[in-house]
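Engineer: The sequence shown runs 350 to 487 under this note's numbering.
Virtual Cβ for every residue (Gly too), placed ideally from N, Cα, C.
These figures come from a predicted structure and were not determined experimentally.
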Amino acid sequence: MKSQPPDGKSTSKIPNEQIVDIVNRLHSEDAFVREGAERDAYYLFRPWVIKFGQRNFGSYWQRYKEDMFQSGMCGLFKSLKTYNPAISAPLTYLTFGIRHEMHTFIAQYVHETTRHYISQMAKVTKARQKLAETGNED
350 MKSQPPDGKS TSKIPNEQIV DIVNRLHSED AFVREGAERD AYYLFRPWVI KFGQRNFGSY
410 WQRYKEDMFQ SGMCGLFKSL KTYNPAISAP LTYLTFGIRH EMHTFIAQYV HETTRHYISQ
470 MAKVTKARQK LAETGNED
């Protein structure tokens, strides 16, 4: 059985105030408050992480949906723990953590390599394409 948010609704726009409240509760001294914040964050961000994965990792998402969702949620929780509302917008900040963890999953478990190697190969491929377009190919 799939988990649903307590109210049964999925939200596409998450209010910044709600995110800041969750972040503040995650930093609480009280373990019970932190646990409640983690649960609330899971249900609040679950639909958003799914949409993010579908939109940004289409073909990988179809094949590795569950693992990529878990990676995205790990990135979300890591980002929530380090997020500072005074520095940046919440979803902008959280997006980087989610994307990083999903890219890391793809590199390690799909391509069995590192993110660094993949980014370097992308640069080489782009340079080859540019050379082929200009006719300077060896």
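#1: Tell me whether Val473, by its Cβ, gets closer than 7 Å to a heavy atom of the ligand MN.
#2: Can you tell me where the alpha helix (DSSP H) with Asn365 in it begins and where it stops?
#3: CB-CB under 7 Å to Gly402, same chain, minus the five flanking residues each way: which ones, in chain order?
#4: What did DSSP end up calling Asn485 once you bin it into helix, strand or coil?
#5: Residue ranges of each alpha helix (DSSP H) run of no fewer than 4 residues wholly in the segment 385-466, ordered along the chain?
#6: Excluding the 5 residues flanking Arg383 on each side, which residues of the same chain have their C-beta closer than 7 Å to its C-beta?
Structural biologist: In brief:
#1: The ligand content of the structure shown is nil, which means the ligand MN is not present either.
#2: Asn365 to Leu375
#3: These residues qualify, in order along the chain: Trp410, Met417, Phe418, Gly421 and Met451.
#4: coil
#5: Whole alpha helix (DSSP H) segments, 4+ residues: 407-431 and 439-454.
#6: Arg374, Leu375 and Ser377
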